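Numbering (the UniProt record's numbering), first residue to last: 1 to 283. Every residue gets a Cβ at the ideal spot worked out from N, C-alpha and C, and that includes glycine. Small disclaimer: the values here were computed from a predicted structure and weren't measured.
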Amino acid sequence: GTLVVSGREDPPSHAREGSDDAEEIQAPEFPEFTAKVQEAISSLGGSVFPKLNWSAPRDAYWIAMNSSLKCKALSDIFLLFKSSDFITRDLTQPFIHCTDDSPDPSLDYELVLRKWCELIPGAEFRCFVKENKLIGISQRDYTQYYDHISKQHEEICRSIQEFFKKHIQYKFLDEDFVFDVYRDSRGRTWLIDFNPFGEVTDSLLFTWEELTSGKNLKGDHGEGEATEQDYPVFRCTNSKVTVQPSPYLSYRLPKDFVDLSTGEDVHKLIDFLKLVRSNENNF
């Protein structure tokens, strides 16, 4: 059948093979849910960052018209969610890599909307906590080299350590977890999110073998500060030579396909239609 968007005039129809009648399929509508989501978006300033219980559709940002996770309507959220492998994993394999005594764990999914803020990628950091001790800090956007991180890594590490001890340590429900922070231009640290301590969370510049076993984790600290066991390892991209491609590249479509689907490159579309016609004439 053909999916017909509500409100469309003269909707197209598709006839099943062997049937003389055209069958139309109406798109599902959720008026109450849509109204609540739009109300929430408006209350948060008109633009939000969406996620489910654990994951955000970071791997699908390329499909949005603004190439961003910035959403202004429920349709923007739907587009990102249905295009994201991360969201699909949360829906189909939410307990992958987990062990639990409960044979059939139940789960209530939640749509989480956060007020949209323009964050500088070079100011985001991921922190790994094991047995209530901060053992590692990684540059979040490790695919790029940021000069200020290399020069200020000791200060950054120290401020995050102080933030952890003051606001998070021994206050979280689990003793093993991961949290993300943002350090603004004034040197203030802001908590962004919490994540599970395990393979479902990206370990960035660490490996999960290192984090779980403690191997190769030697803290960077000066004399008279903390012991190696108490001071976290800080890792960042140290030079432009070590810059890596985006980890989300494998989730994208070829650029030619995107240009054709959006109509951004008219010449490619014309060439494509000529190629199709040529192939049809050859048969």
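query: As assigned by DSSP and simplified to three states, the class of VAL37; result: helix
query: Cβ-based burial, CYS98 [other Cβ within 10 Å; buried from 16]; result: exposed
query: The stretch 117-136 in contact with the stretch 175-194 per 3-pair CB rule at 8 Å; result: yes
query: Beta-carbon spacing of LEU52, GLN139 below 9 Å; result: no
query: Where TRP116 falls: helix, strand or coil (DSSP); result: coil
query: Identity of the residue in CYS236, ILE25, ARG89 and ALA35 nearest GLN152 by Cα; result: CYS236
query: Beta-carbon gap between LEU91 and TYR109 smaller than 9 Å; result: yes
query: ILE137 classed as buried or exposed, judged by whether at least 16 other C-beta atoms fall within 10 angstroms; result: buried
query: For TYR182, the residue or residues it bridges with in DSSP; result: GLU124 and TRP190
query: Collapsed DSSP secondary structure at ILE137 in the structure displayed; result: strand
query: Boundaries (first-last residue) of the alpha helix (DSSP H) holding PHE81; result: 74-82
query: PRO31 - DSSP class collapsed to helix/strand/coil; result: helix
query: Neighbourhood of ARG114 by C-beta distance below 7 Å, restricted to the same chain and skipping five residues each side; result: VAL48 and PHE49
query: Cross-strand partners of PRO50 (DSSP beta bridge); result: LEU113
query: PHE234, enclosing beta strand (DSSP E) - first and last residue; result: 233-235
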